[in-house]
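Visitor: Taking our numbering, the leading residue of the sequence shown gets 85, the next gets one more, and so forth. Pasting in a structure now, in structure tokens, and then I'll have a few things to ask.
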Amino acid sequence: MLPTLAQAKTKGTMKFSRELVLVPSDTKVKYEENGGTGKSFTTAIIGVNAKGDILPPLTVYAAKSVNHQWTEGGSPRSTYQCSKNGWINDDIFGFWFLNVFVAETISLARPVLLVLDGHRCHFTIQVIEAAKQHNIIILCLPPHCTYGLQPLDLVTFG
């Protein structure tokens, strides 16, 4: 059971390097670079409630498509997406809200509280209408105040 939930994002960088890979000429699948070089930004949406129960995470990579090797060993029911810069956008957050948050909390007594920072991608018409339909109260913390105000950043990730 997931009672009142809080949601946070964590961000970090991943460093990739170019490598020379030698394979026989008859090899069907040759090495392919799928992503960027240098530093890439990665974002994760993590949902946790007051008891410590965790929703399946959504990880966003800075790439054109998800490399299946990135998902190996991931948490059960994790979701993976890509954006040009590795950040969450309106579509990715809307996907998470409907397919993870709403789906995972559908059986809970209502209302349900969701704590978010004030980033604009959290407040699309799609998200607001779905929150209203599913009796989800969204508590918005001021944008860009992650370190000082976000509960998960201070307690869980701190």
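For glycine and all other residues, C-beta sits at the position ideal for the given N, C-alpha and C. Quantities reported herein were computed from a predicted structural model and do not represent experimental measurements.
Can you tell me where the beta strand (DSSP E) holding residue 65 begins and where it ends?
Guide: The requested residue 65 is not part of the displayed model; the chain covers only 85 to 242.
Visitor: What is the rounded straight-line gap between the Cα of residue 178 and the Cα of residue 208?
Guide: Taking the first residue of the sequence shown as position 1, residue 178 is located at position 94. Taking the first residue of the sequence shown as position 1, residue 208 is located at position 124. Going by the C-alpha atoms only, they are around 8 Å apart.
Visitor: With residue 199 as the anchor, note down where its beta strand (DSSP E) starts and where it stops.
Guide: Along the sequence shown, one-based indexing puts residue 199 at 115. 196 to 200 is the span of the beta strand (DSSP E), which, as asked, contains residue 199.
Visitor: Which residues bound the alpha helix (DSSP H) around residue 214?
Guide: Here residue 214 refers to the residue found at position 130 of the sequence shown. Residue 214 -> alpha helix (DSSP H) spans 209 to 217.
Visitor: Would you grab the beta carbon distance between residue 184 and residue 139 for me? Rounded to a whole angstrom, and I think it's under 8 Å.
Guide: Your numbering for residue 184 matches position 100 in the sequence shown. Your numbering for residue 139 matches position 55 in the sequence shown. Indeed, because the Cβ distance is near 6 Å, the residues count as touching under 8 Å.
Visitor: In terms of alpha-carbon separation, which member of 144, 194, 158 lies closest to residue 172?
Guide: As a first step, residue 172 is located in the sequence shown; it is residue number 88 there, counting from the start. Minimum Cα distance to residue 172 is reached at 144.
Visitor: Can you check DSSP and say which residues form a bridge with residue 163?
Guide: Here residue 163 corresponds to residue number 79 of the sequence shown, with the count starting at 1. Per DSSP, 142.
Visitor: Since residue 125 contacts residue 147 with CB under 8 Å, what's their CB separation in whole angstroms?
Guide: Position 41 of the sequence shown, counting from 1, holds the residue named residue 125. Position 63 of the sequence shown, counting from 1, holds the residue named residue 147. Rounded, the Cβ-Cβ distance is 10 Å, inconsistent with contact.
Visitor: Is the CB-CB distance between residue 214 and residue 222 below 7 Å?
Guide: Taking the sequence shown and counting its residues from 1, the one referred to as residue 214 is at position 130. Taking the sequence shown and counting its residues from 1, the one referred to as residue 222 is at position 138. Their beta carbons are not under 7 Å apart, which means residue 214 does not touch residue 222 by this criterion.
Visitor: Which of the three DSSP states, helix, strand or coil, is assigned to residue 104?
Guide: Position 20 of the sequence shown holds residue 104. In this prediction, residue 104 scores a pLDDT of 46, lower than 50, which makes its location untrustworthy; no coordinate-derived value is stated.
Visitor: Where do the N-terminal and C-terminal ends of the beta strand (DSSP E) with residue 176 fall, by residue?
Guide: Within the sequence shown, the letter at position 92 stands for residue 176. Careful: residue 176 lies outside any beta strand (DSSP E), inside the alpha helix (DSSP H) at 174 to 180.
Visitor: Opposite residue 223 in the DSSP bridges: which residues?
Guide: Translated into positions along the sequence shown, residue 223 becomes position 139. Beta-bridge pairing links residue 223 to 199.
Visitor: So, at 6 Å on beta carbons, what are the nonlocal neighbours of residue 196 in its own chain, with the 5 sequence-adjacent residues on each side left out?
Guide: Numbered from 1 along the sequence shown, position 112 holds the residue referred to as residue 196. Excluding sequence neighbours, residue 196 sits near 189, 220.
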